[in-house]
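**Student:** In terms of the working numbering, the sequence shown opens at residue 184 and continues consecutively. Mind having a look at this structure? Questions to follow.
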Amino acid sequence: MSEDAPLLEITSHIDGKNAKVRVYPDRVEWDKVGKVSGAKVTAGIITMGASFAATGARGRRGAGSDMLLMDAIQGVTTRRDTVLNDVVVLHSSSGVIEMRCSKKEAASMKELILAVKRGAYSQPVSAQPASPPPPVQPSWPANWYPDPQNDRQLRYWDGSRWTEHTHPKG
């Protein structure tokens, strides 16, 4: 899946940095925002913001993005962090990722990842155009046949249905 919409998107803290976390049916992605260095702040103050305008206010130190495939996640737990926040812990063979977010977001993220792991969410199947049905073969060719409602007359069968045309038998 490339540019699909996430099932859940939250703002979290990972390794002390703000991060935008997105949960997809096949992966969990997060983008960490870089910190501004002290030298950059000093330069911004001295130049009255001109250096910020030229280089941008955010630094690249600590910035980056990471991804963990759903297949690699071995467990999901939550634990209390502060009065307002919980920590979602993703366990994988490569280590542990801790994401601090609100209690409500932590609960919904844990439930969503567990639902995806259980198979409650699946990747959408590519829509294939339906093949046209085979042409209907008439059971009898168009002709005059004994009327099913009156055995003294014939009724015309047009190949797919009885018509209103009748003719006396004989």
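Note that CB positions come from ideal geometry on N, CA and C, so glycine has one too.
What is the rounded straight-line gap between the Cα of proline 324 and the Cα of leucine 337?
**Tutor:** So the alpha carbons of these two residues sit roughly 15 Å apart.
**Student:** Report all residues from its chain with a CB closer than 7 Å to the CB of tryptophan 340; omit the five preceding and five following residues, and keep chain order.
**Tutor:** So the qualifying residues of the chain are Trp323, Ala325, Asn326, Tyr328.
**Student:** Report the residue from Ile256, Tyr207, Arg301, Asn268 whose alpha carbon sits nearest the alpha carbon of methionine 282.
**Tutor:** Of the candidates Ile256, Tyr207, Arg301, Asn268, the one whose C-alpha sits nearest the C-alpha of methionine 282 is Asn268.
**Student:** Alpha carbon to alpha carbon, how far is glutamine 332 from lysine 352? Give it in angstroms, no decimals.
**Tutor:** Lysine 352 and glutamine 332: Cα-Cα distance of roughly 13 Å.
**Student:** Where does arginine 263 sit, in a helix, a strand or coil, going by DSSP?
**Tutor:** Strand at arginine 263.
**Student:** Comparing alpha-carbon positions, which option in Ser314, Pro315, Val216 lies nearest glycine 199?
**Tutor:** Measuring from the Cα of glycine 199, the nearest candidate turns out to be Val216.
**Student:** Tell whether a beta-carbon distance below 8 Å holds between proline 208 and leucine 190.
**Tutor:** Against a cut-off of 8 Å, the Cβ pair of leucine 190 and proline 208 comes out as a contact.
**Student:** Skipping 5 residues on each side, what residues in its chain have a beta carbon closer than 6 Å to that of cysteine 284?
**Tutor:** If we look at cysteine 284 and ignore the five residues flanking it on each side, its Cβ neighbours are Ile193, Ser195.
**Student:** So what's leucine 190 in DSSP terms, helix, strand or just coil?
**Tutor:** Residue state, collapsed to three classes: coil.
**Student:** For methionine 250, which beta-bridge partners are listed by DSSP?
**Tutor:** Glu212.
**Student:** Quick check on DSSP: helix, strand or coil for lysine 352?
**Tutor:** Note: lysine 352 maps to coil in three-state DSSP.
**Student:** With DSSP run on the structure shown, which of helix, strand or coil describes alanine 290?
**Tutor:** Here alanine 290 sits in helix by DSSP.
**Student:** Cβ of valine 270 within 8 Å of Cβ of valine 259?
**Tutor:** Cβ atoms of valine 270 and valine 259: not closer than 8 Å.
**Student:** What residue does the beta strand (DSSP E) around aspartate 269 start on, and which one ends it?
**Tutor:** Run containing aspartate 269: 268 to 275, per the beta strand (DSSP E) assignment.
**Student:** Does any C-beta atom of chain D lie closer than 8 Å to the C-beta of proline 329?
**Tutor:** Given the protein chain composition of this structure (a single chain), no chain D is represented.
**Student:** Roughly how far, in whole angstroms, is the beta-carbon of leucine 251 from the beta-carbon of arginine 210, given that I think they are within contact range, below 8 Å?
**Tutor:** Indeed they touch by this definition, with Cβ atoms about 7 Å apart.
**Student:** Does DSSP classify arginine 301 as helix, strand or coil?
**Tutor:** It is helical.
**Student:** With H, G and I counted as helix, E and B as strand and the rest as coil, what does DSSP make of alanine 255?
**Tutor:** Of the three classes helix, strand and coil, the one that applies to alanine 255 here is helix, per DSSP.
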